[in-house]
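>
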Amino acid sequence: ADMVGKKRIFVLGIALFLLGSALCGLAPTVYWLIGFRVLQSIGAAMMIALGTAILTETWPAYERGTALGFAAGFISLGIVFGPAVGGLILNYLSWRWIFYVNVPVGLIAFVLSLIFLPPMQPAGRRERFDFAGAVTMGIGLLAF
7 ADMVGKKRIF
17 VLGIALFLLG
27 SALCGLAPTV
37 YWLIGFRVLQ
47 SIGAAMMIAL
57 GTAILTETWP
67 AYERGTALGF
77 AAGFISLGIV
87 FGPAVGGLIL
97 NYLSWRWIFY
107 VNVPVGLIAF
117 VLSLIFLPPM
127 QPAGRRERFD
137 FAGAVTMGIG
147 LLAF
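Residue numbers (our numbering): 7 to 150.
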């Protein structure tokens, strides 16, 4: 994200999560569902990894604690109410709607991020991507 800009990666993460969610709902087999969940997870990882970094960069120091507190509060609300809402969705609709419900929320987040997040320029000096390090880390993560 420091090489291409935090906003760009964050918005791409929303798009991947949104696409993955829609495709999960449309998945014809469990194998497709697993593949689409991987896509959804990549997008989620991009958003989660940059959420705190974007908050700390966009809020002034004297309001940063409040912003991070609100973010943590909303995450907690999702953890508390998510299972109950998911149960209601499964009870009255189908499992596919667990994924479809992300689509309108994702579209709103995508548009609001494009409009309201300020441009975040990459760090001062351009560094080359460490391909060998990324492959090594990927192998290590997959091994465990």
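Think of the CB as a built atom: it goes at the ideal place given N, C-alpha and C, for glycine as much as any other residue.
What ranges does the alpha helix (DSSP H) occupy inside the region 31 to 115, keeping only unbroken runs of at least 4 residues that lie completely in it?
Complete alpha helix (DSSP H) runs here, min 4: 36 to 64, 67 to 98, 102 to 106.
> DSSP on residue 139, reduced to helix/strand/coil?
Along the sequence shown, read from residue 1 onward, the residue named residue 139 stands at position 133. The answer is helix: DSSP assigns residue 139 an H, G or I state.
> Note down the Cα distance separating residue 139 from residue 101, rounded to an integer number of angstroms.
The residue you call residue 139 lines up with position 133 of the sequence shown. The residue you call residue 101 lines up with position 95 of the sequence shown. Using only the alpha carbons, I get a separation of about 39 Å.
> Among the candidates 12, 107, 23, whose CA atom is the shortest distance from the CA of residue 49?
Numbered from its first residue, the sequence shown carries residue 49 at position 43. Considering only alpha carbons, the answer is 23.
> Between the C-alpha atoms of residue 118 and residue 79, what's the straight-line distance to the nearest angstrom?
Within the sequence shown, numbered from 1, the residue matching residue 118 stands at position 112. Within the sequence shown, numbered from 1, the residue matching residue 79 stands at position 73. The straight-line gap from Cα to Cα measures roughly 20 Å.
> Would a C-beta distance cut-off of 7 Å place residue 16 and residue 30 closer than the cut-off?
Residue 16 sits at position 10 when you count from the first residue of the sequence shown. Residue 30 sits at position 24 when you count from the first residue of the sequence shown. Cβ distance not < 7 Å, so residue 16 and residue 30 don't count as in contact.
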